[in-house]
Amino acid sequence: MRWTAIAFSAALALLTTTPTSAQQSPFSTLITTPLSIEGLTTDGSNLYTIGRGADGPCPVWQINLGAPSLVVVGLIPNPCSPSGVVFNSSRQLFTADGERIYTLTPSAASPPTATVFASGVPGTNGIAFDRSGNAWTGDGTTGQGRVWRIDRQGSVTEVFRVPPIAIETTVAGGIGRDVRTLPPGTVTVTPTTRNAADTAGSQPLVANGLAFDRRGDLFIADTARGAIWRVEMDNRGNVASHTGCDDAYAPGTLCLENIFVAHPLLEGVDGIVFDDAGNLWCSVNERNAIVVVTPAGRVIEVFRNPRDRTTGLRNAGPLETPTSPVVIGKTICTANSDGNRRDNFPNTAGEITPAGPARGKISCARQR
Amino acid sequence: MRQAAVALGLAFVVCTPFPSAAQESARAEAFGGYAFARDDDRNMHGWNGAVTFYVRKWLGVSADVSGDYVTLGATDRARFAVLGGPRVAPWRGRFTPFAYALAGAFHTRSRLEFLSVSVREGETDPGAALGGGVDIRLSGRWAAEAKVDAALIRSRGRTESNPRLSAGVVLRFGRLE
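Quick mapping for you: the protein sequence lines, in order, are chains U and V. Quick note: the first sequence uses the working numbering, first residue 3, plus one each step. Quick note: the second sequence uses the working numbering, first residue 12, plus one each step.
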């Protein structure tokens, strides 16, 4: 009986303490960067990102997944603060910067300086290419929800709008809502209310990351609402989704029926990318999280920074404002921009800080 | 849709029965073998089984099931088909061409596993398969068979067309006078 009890106890201890083969590694740092970064893309074996806010031209870095180092393969003219970055089918690299789209063909031997591909797209942030080779981009933090198509010659056309959070009317201050993140916003907590104590932290961004699925439909990350919009395209690449349901908005504004998913897990969703199976991977910058949306519209949190039990904060990493995801086989990587809001506040904690020396980083996780 | 139209046209031309096609025929036959399918630009591999009962020497009714599989990054995907419909074989000989038009359902099942997340999803859609192939007689009861078709799947308001290919063996039963 005693031996049975000992054996049972030993088996129980073994079962409760031995990691199983199914246990997975969390996100870890692939490489840090001396400048802040936001966009991230891949050519299938290397990652590409661009340093922001350099004194001179902003460097386009190539990072090999197997042997990571920062190899300069191009330059964006100063002044520069590029965000989204993507390849087209001809392996030309495009990046959004201010109100311009730059392009270059990466070369480690002789890094070229990017040229202006298109302009007149204020706030441009995410970029995606459709089947016909047209680039699409949204208006980012300008918050009007404009989405433009840019043809192969660089000609820009506004195609539709994501409904803005608030609209200007004869009522001073507009009508709608104001989504705010805390911090930098703050609230005054009393026994009966939780009202705003200031006006900081307003989040008007409704047209952020973009991605096309295999059917050719366009998906757009709505950072403010925590939503993903799906815009159906016909066989010729024209918008088939309904627009103009509410004439309070500008003509061509999407109807609400085009929301694919809206979920609290997506609050602060930034860059998005499809994997080969049609799952949409989302870097959720406000929540220091990676979320996946399945083809059927299920929203699942894959990873979120653990909460420090002492400080109650989630700003110590491994994610530090994840902005742009990339999928390579069974590996998921994301750029981190170390923003100073919500879960990443204060951004002085963690591996990267505003003061440097590391101001940006790429984090990866691999399914074993 | 173009693939489906071509497959249907070829099947019609090849399988229009000849008046002199009266040959000794099996009452029923069972097929089993390897299956290949395309899903957009992805290759899937799996199995295919079918049973055909002949009501005329040149006309039968087939029940066809298949399963195709592929791993896409962290997602394992399987697509199963259960289809039924007419099958025509214009003449019998060492080489027996045939064509078929099947309708039924396709069920796609996905399993995503990443870190601690495991998500399973399934979707069942109506569909059809239009195509044909050839039987090569090996003995009195055994034959080899290869067939190709266009799978039409109606999913989320759109119709997708993807080619499928199967090859395997056929076992024949009974005799249709």
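We treat Cβ as the ideally placed atom computed from N, Cα and C, and that holds for glycine. None of the values given here were measured: they were computed from a predicted structure.
- prompt: Using CA coordinates, which residue listed in U:R289, U:I274 and U:N80 is at the minimum distance from L282 (chain U)?
  reply: Locating residue 282 (chain U) in the first sequence gives position 280, where the first residue counts as 1. The closest CA to that of L282 (chain U), considering only U:R289, U:I274 and U:N80, is found on U:I274.
message: For L207 (chain U) and G176 (chain U), I'd like the C-alpha separation in whole angstroms.
response: For the purposes of this step, residue 207 (chain U) is taken as residue 205 along the first sequence, with counting starting at 1. For the purposes of this step, residue 176 (chain U) is taken as residue 174 along the first sequence, with counting starting at 1. Answer to the nearest angstrom: the Cα atoms are 16 Å apart.
Cβ-based neighbour list, T19 (chain U), same chain, cut-off 8 Å, excluding 5 preceding and 5 following: Translated into positions along the first sequence, residue 19 (chain U) becomes position 17. Any answer about T19 (chain U) is weak, because its pLDDT of 37 lies below 50 and its placement is not dependable; what the coordinates show is given next. If we look at T19 (chain U) and ignore the five residues flanking it on each side, it has no Cβ neighbours.
field: Alpha carbon of S326 (chain U) to alpha carbon of A41 (chain V), nearest angstrom
entry: Here residue 326 (chain U) refers to the residue found at position 324 when the first sequence is read from its first residue. Here residue 41 (chain V) refers to the residue found at position 30 when the second sequence is read from its first residue. Whole-angstrom Cα-Cα distance: 52 Å.
- prompt: Quick one: Cα of P186 (chain U) to Cα of F262 (chain U), how far?
  reply: Taking the first sequence and counting its residues from 1, one reaches residue 186 (chain U) at position 184. Taking the first sequence and counting its residues from 1, one reaches residue 262 (chain U) at position 260. The straight-line gap from Cα to Cα measures roughly 29 Å.
query: With 8 Å set as the bound, which would you pick, yes or no: does the beta-carbon of N281 (chain U) sit closer than that to a beta-carbon of chain V?
result: Here residue 281 (chain U) refers to the residue found at position 279 when the first sequence is read from its first residue. Among the CB atoms of chain V, one or more fall inside 8 Å of the CB of N281 (chain U).
query: Taking N346 (chain U) as the reference, which of U:S85, U:L268, U:P266 and U:L184 has the closest Cα?
result: In the first sequence, the residue the question calls residue 346 (chain U) occupies position 344. Comparing C-alpha distances from N346 (chain U) to each of U:S85, U:L268, U:P266 and U:L184 shows the shortest one belongs to U:L184.
Contacts of S7 (chain V) in chain U (Cβ-Cβ under 7 Å): Given that chain V is displayed from residue 12 to residue 188, the structure contains no residue 7 (chain V) and the question cannot be resolved.
- request: Starting from the beta carbon of P28 (chain U), find every residue of chain V whose beta carbon is closer than 8 Å, and list them in chain order.
  value: As a working mapping, residue 28 (chain U) is identified with position 26 in the first sequence. Around P28 (chain U), the beta-carbon contacts reaching into chain V at under 8 Å are L126.
field: For A213 (chain U) and A130 (chain U), believed in contact at Cβ under 8 Å, the rounded distance
entry: As a first step, residue 130 (chain U) is located in the first sequence; it is residue number 128 there, counting from the start. As a first step, residue 213 (chain U) is located in the first sequence; it is residue number 211 there, counting from the start. Right, their Cβ atoms sit about 5 Å apart.
field: Secondary structure of E269 (chain U), DSSP reduced to three states
entry: Indexing the first sequence from 1 puts residue 269 (chain U) at position 267. Reduced to three states, the DSSP call for E269 (chain U) is coil.
query: Counting along the chain, where does the beta strand (DSSP E) carrying R90 (chain V) start and finish?
result: For this step, residue 90 (chain V) is matched to residue 79 along the second sequence. Residue range T86 to V99 is occupied by the beta strand (DSSP E) that includes R90 (chain V).
query: According to DSSP, is E134 (chain V) helix, strand or coil?
result: Here the question's residue 134 (chain V) lines up with position 123 in the second sequence. Residue state, collapsed to three classes: strand.
Simplified DSSP assignment, three categories, for T245 (chain U): Here residue 245 (chain U) refers to the residue found at position 243 of the first sequence. It is a strand residue.
field: Residue from U:L77, U:R238 and U:T143 whose Cα sits closest to the Cα of P61 (chain U)
entry: Numbered from 1 along the first sequence, position 59 holds the residue referred to as residue 61 (chain U). Closest by alpha carbon: U:L77.
- request: Entirely within the region 32 to 113 of chain U and at least 3 residues each: give me those beta strand (DSSP E) ranges in chain order.
  value: Those beta strand (DSSP E) runs which fall completely within the region 32 to 113 of chain U and span 3+ residues are 48 to 52, 60 to 66, 73 to 78, 87 to 89, 95 to 99 and 102 to 106.
Within-8 Å CB hit, G185 (chain V) to chain U: As a first step, residue 185 (chain V) must be located in the second sequence, where it is residue number 174. Chain U, which has no Cβ nearer than 8 Å to the Cβ of G185 (chain V), makes this no.
message: Would you say G84 (chain V) lies against chain U (beta-carbon separation less than 8 Å)?
response: As a first step, residue 84 (chain V) is located in the second sequence; it is residue number 73 there, counting from the start. Chain U contact via Cβ: present.
- request: Give the range of the beta strand (DSSP E) segment to which N317 (chain U) is assigned.
  value: For the purposes of this step, residue 317 (chain U) is taken as residue 315 along the first sequence, with counting starting at 1. First-last for N317 (chain U): undefined, no H or E at that position.
task: Kindly list, in the order they appear in chain U, the residues whose Cβ is closer than 8 Å to that of D51 (chain V).
output: By one-based count along the second sequence, residue 51 (chain V) stands at place 40. Going along chain U in sequence order, the residues near D51 (chain V) (Cβ under 8 Å) are R216.
field: Runs of beta strand (DSSP E) lying entirely within the region 161 to 222 of chain U, each at least 3 residues, in chain order
entry: As far as the region 161 to 222 of chain U is concerned, its whole beta strand (DSSP E) runs of at least 3 residues are 189 to 191, 196 to 198 and 212 to 214.
query: Counting along the chain, where does the beta strand (DSSP E) carrying E156 (chain V) start and finish?
result: Translated into positions along the second sequence, residue 156 (chain V) becomes position 145. Element bounds for E156 (chain V): W153 to S166.
query: According to DSSP, is T119 (chain V) helix, strand or coil?
result: The residue labelled residue 119 (chain V) in the question sits at position 108 within the second sequence. In the three-state reduction of the DSSP assignment, T119 (chain V) falls in the strand class.
- prompt: Under the three-state reduction of DSSP, which class applies to N240 (chain U): helix, strand or coil?
  reply: Taking the first residue of the first sequence as position 1, residue 240 (chain U) is located at position 238. Note: N240 (chain U) maps to coil in three-state DSSP.
message: Quick check on DSSP: helix, strand or coil for D345 (chain U)?
response: Looking up residue 345 (chain U) in the first sequence gives position 343. In the structure shown, the three-state DSSP call for D345 (chain U) is helix.
field: D249 (chain U), buried or exposed, once every other Cβ within 10 Å from all chains shown has been counted against 16
entry: Reading the first sequence from its first residue, position 247 is the one you call residue 249 (chain U). Answer is exposed; the Cβ neighbour count stays below 16.
field: Sub-8 Å separation of T51 (chain U) and G41 (chain U) beta-carbons
entry: Taking the first residue of the first sequence as position 1, residue 51 (chain U) is located at position 49. Taking the first residue of the first sequence as position 1, residue 41 (chain U) is located at position 39. The Cβ atoms of T51 (chain U) and G41 (chain U) lie closer than 8 Å to each other.
message: From the DSSP secondary-structure annotation, give me the bridge partner or partners of F106 (chain V).
response: Residue 106 (chain V) sits at position 95 when you count from the first residue of the second sequence. When DSSP reads this structure, F106 (chain V) sits in a beta bridge with V:I147.
field: DSSP three-state assignment for G57 (chain V), whether helix, strand or coil
entry: Reading the second sequence from its first residue, position 46 is the one you call residue 57 (chain V). G57 (chain V) falls in the strand class under three-state DSSP.
- request: Buried or exposed for T107 (chain V), please, with buried defined as at least 16 other CB atoms from any protein chain shown within 10 angstroms of its CB.
  value: Taking the first residue of the second sequence as position 1, residue 107 (chain V) is located at position 96. Burial of T107 (chain V) is indicated by the presence of at least 16 other C-beta atoms within 10 angstroms of its C-beta.
field: Terminal residues of the beta strand (DSSP E) in which A250 (chain U) lies
entry: By one-based count along the first sequence, residue 250 (chain U) stands at place 248. Per DSSP, A250 (chain U) belongs to no beta strand (DSSP E) and is neither H nor E.
query: Which word fits L267 (chain U), buried or exposed, when buried means at least 16 other C-beta atoms lie within 10 angstroms of its C-beta?
result: The residue given as residue 267 (chain U) occupies position 265 in the first sequence. Note on L267 (chain U): 16 or more other CB atoms within 10 angstroms of its CB, so buried under the neighbour-count rule.
message: For the region 258 to 276 of chain U, list every residue whose C-beta sits within 9 Å of some C-beta in chain V, in sequence order.
response: Close to chain V, meaning a Cβ-Cβ distance shorter than 9 Å, is no residue of the region 258 to 276 of chain U at all.
message: Tell me the residue span of the beta strand (DSSP E) that contains D79 (chain V).
response: Along the second sequence, one-based indexing puts residue 79 (chain V) at 68. Judged by DSSP secondary structure, D79 (chain V) falls within the beta strand (DSSP E) whose first and last residues are L70 to L83.
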